[in-house]
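My numbering puts the first residue of the sequence shown at 529, with every later residue one more than the last. Structure, as structure tokens:
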Amino acid sequence: MSLNKVMLIGNVGKDPEVRYLEGAGQNGAGRKVATFTLATSERYRDRNGDSRENTEWHNIVAWGQPADIVERFVKKGTQLYIEGRLRTRSWTDKTGGTRYTTEINVDNLQLLGRRDGQNDGGYQQGGQYYGQQGGGNYQQGGTYAGQQGSGNYQPSGTYAGQQGGYQQPSYQKPYQAPAPAEPAKPAVDDDPADDLPF
Numbered sequence: 529m530s531l532n533k534v535m536l537i538g539n540v541g542k543d544p545e546v547r548y549l550e551g552a553g554q555n556g557a558g559r560k561v562a563t564f565t566l567a568t569s570e571r572y573r574d575r576n577g578d579s580r581e582n583t584e585w586h587n588i589v590a591w592g593q594p595a596d597i598v599e600r601f602v603k604k605g606t607q608l609y610i611e612g613r614l615r616t617r618s619w620t621d622k623t624g625g626t627r628y629t630t631e632i633n634v635d636n637l638q639l640l641g642r643r644d645g646q647n648d649g650g651y652q653q654g655g656q657y658y659g660q661q662g663g664g665n666y667q668q669g670g671t672y673a674g675q676q677g678s679g680n681y682q683p684s685g686t687y688a689g690q691q692g693g694y695q696q697p698s699y700q701k702p703y704q705a706p707a708p709a710e711p712a713k714p715a716v717d718d719d720p721a722d723d724l725p726f
């Protein structure tokens, strides 16, 4: 048994880069991929008792529907919760050397909040995207290739439309607990003989 799962909460380091890939869509629409960096920080005290902070930068790749969400709502400073898988890819650089990079392919994306003063066109805090997609193989020349599955987008705000070549996501309303039932009113019995305790 093996498991490849990553969970991160952090802030986007710069505005995402969104690319449209050729040849995989209806009506001339291509596949979409969004790439960005996510910073996670941990605070600790060193042996002298001084407070320290260590920041890690993670390369994030979102395909298809998650890329749509990234394109619409994510910008530098956005706080995100991401679940995904590690993927290492290699390529040959200009000098003929082999280079490697490790990325996180997004499976689950949740916007946790926004910075003061941001207006995201109807998006309300707490929107989520759940889905699964295949990985991407990075090819020389800056294009990605991969497979996209279907997923569910559960918005708090609005989201509409079918994106090129993908199944329309199924929408689910958030769970609402049923209203509590009113307590039953006791039956009124006017017979005074029933008031005796024995």
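Heads up, the beta-carbon is just placed ideally off N, CA and C, and yes, glycines get one too. Everything numeric in this text was worked out from a predicted model, so none of it was measured.
- request: Could you check the C-alpha separation between S579 and Y609 for me, to the nearest Å?
  value: 25 Å
- request: For D635, name the three-state secondary structure that DSSP assigns.
  value: strand
- prompt: What span of residues does the alpha helix (DSSP H) with E599 cover, start to end?
  reply: G592 to F601
field: Inter-residue Cα distance where the pair is G612 and R627
entry: 22 Å
Beta-carbon gap between T629 and L614 smaller than 7 Å: no
message: From the DSSP secondary-structure annotation, give me the bridge partner or partners of S618.
response: Y628
- prompt: Considering only the beta carbon of each residue, do E581 and R571 sit closer than 7 Å?
  reply: yes
- prompt: With a CB to CB cut of under 7 Å and the five nearest residues on each side skipped, what residues in its chain are close to M535?
  reply: E611
query: Going by alpha carbons, who is nearest to W591 out of D635, V540 and S618?
result: D635
message: Could you tell me the alpha carbon to alpha carbon distance between H586 and N633, rounded to whole angstroms?
response: 11 Å
message: Can you tell me whether L637 is buried or exposed? The criterion is at least 16 other CB atoms within 10 Å of its CB, across all chains shown.
response: buried
query: With DSSP run on the structure shown, which of helix, strand or coil describes N587?
result: strand
task: Consult DSSP for R575 and reduce its assignment to one of helix, strand or coil.
output: coil
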